[in-house]
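Quick note: the sequence shown uses this note's numbering, first residue 888, plus one each step. Ideal Cβ placement from N, Cα and C applies to all residues, glycine included. Below is one structure; the comments refer to it alone.
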Amino acid sequence: MRRKDREQTAEFAWDVLERCPYGVLSLVDREGAPYAVPVSHAVLNGAVYFHSAKHGEKTKIMAANPAACLTGVTDVVPLPEQYSTTYASAVACGVVSLVEDADEWTAALRAIVERYASENAGHFEDALAKSSKRTAVWKLTPTAITGKARLA
888 MRRKDREQTA EFAWDVLERC PYGVLSLVDR EGAPYAVPVS HAVLNGAVYF HSAKHGEKTK
948 IMAANPAACL TGVTDVVPLP EQYSTTYASA VACGVVSLVE DADEWTAALR AIVERYASEN
1008 AGHFEDALAK SSKRTAVWKL TPTAITGKAR LA
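Next comes the structure, spelled out in structure tokens:
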């Protein structure tokens, strides 16, 4: 990291990933082209989980090349007089894998629902029954995680 004065701890980075409104998942397709997509994710047991359709471009790419990077940013405040912003950011790089264990799959989806739709969590079981056949859950296991911030 070039700006060592802005480097933060891994714990800080995990906190950013837990608080940021969404993450951007970056992948590389079979032709070597970059592919990035926003995801609604949840942090659980030292991993990052997100869902997708069982079929589609993102799913094809992850199945062919599991290398991935997830970024998140929060606490962004413009500083117009400095032509800058304050921010807190995190980058988690690692490997994605399809979650096949039923208990882990359910726990991950529950964590995502609690994060993004907690007011509707009482209907989780009904929603699960309706969408389980078409919903895939993916796990990003980080091999590296970094945090960076400009706090003032």
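Secondary structure of S913 (DSSP, three-state): strand. DSSP, read as helix, strand or coil, puts T896 in coil. Across the structure, N952 and A1039 are spaced so that their CA atoms are roughly 39 angstroms apart. Here K1017 is exposed, its C-beta having fewer than 16 other C-beta atoms within 10 Å. Residue pairing from DSSP places F937 in a beta bridge opposite H928 and W1025. Taking a cut-off of 8 angstroms for Cβ pairs, the region 1019-1031 and the region 932-944 touch, as three or more such pairs fall below it. Judged by beta-carbon spacing, L957 lies within the 8 angstroms limit of G910, meaning their Cβ atoms are closer than that value.
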